[in-house]
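In the UniProt record's numbering, the protein residues as written are 1 to 99.
Glycine residues also receive a C-beta, built at the ideal position from the N, C-alpha and C atoms.
As the structure is a computational prediction, the values presented were derived from the model and not from experiment.
Okay, structure first, notes after.
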């Protein structure tokens, strides 16, 4: 099993637009092969900090997710809404990869 933790700091005035787009992306992602869980959370300390926690059956499933058409749309849509790029941590086999 593969776990992913993706953390995104959103511009305060773009929060609503980010949430709207994220809901669409999450709905599409949950239908993907190998997606066991895909949940978005807001920090209790910072309403503009979003954390997505994902679980995937295999690394191949996660890699396919990254190439999915709706993810390309999401990356283009969300880029101007963020303070900085999303930090992605992939956890598998006792190791953590950070992007």
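On the DSSP bridge assignment, give the partners of residue i in chain order.
i: residue 50; result: 8, 42
i: residue 84; result: Beta-bridge pairing links residue 84 to no other residue.
i: residue 96; result: 91
i: residue 2; result: 56
i: residue 37; result: 55
With a cut-off of 8 Å on the beta carbons, I'd call residue i and residue j a contact; round off their distance for me.
i: residue 21; j: residue 84; result: Residue 21 to residue 84, Cβ: 17 Å. No contact.
i: residue 34; j: residue 54; result: Actually they are not in contact, since the Cβ atoms of residue 34 and residue 54 sit about 10 Å apart, beyond 8 Å.
i: residue 25; j: residue 70; result: 6 Å
i: residue 4; j: residue 51; result: Not a contact, Cβ separation roughly 11 Å.
i: residue 99; j: residue 91; result: 12 Å between Cβ atoms; not a contact.
Using a Cβ-Cβ cut-off of 6 Å (strictly less than) and excluding sequence neighbours within five positions of residue i, which residues of its own chain qualify?
i: residue 49; result: 9, 43
i: residue 46; result: none
CB-CB under 7 Å to residue i, same chain, minus the five flanking residues each way: which ones, in chain order?
i: residue 81; result: 10, 11, 14, 17, 18
Spatial neighbours of residue i within its chain, please: CB distance less than 8 Å, with the 5 preceding and 5 following residues excluded, ordered by chain position.
i: residue 96; result: 89, 90
What are the start and end residues of the alpha helix (DSSP H) that includes residue i?
i: residue 23; result: 15-29
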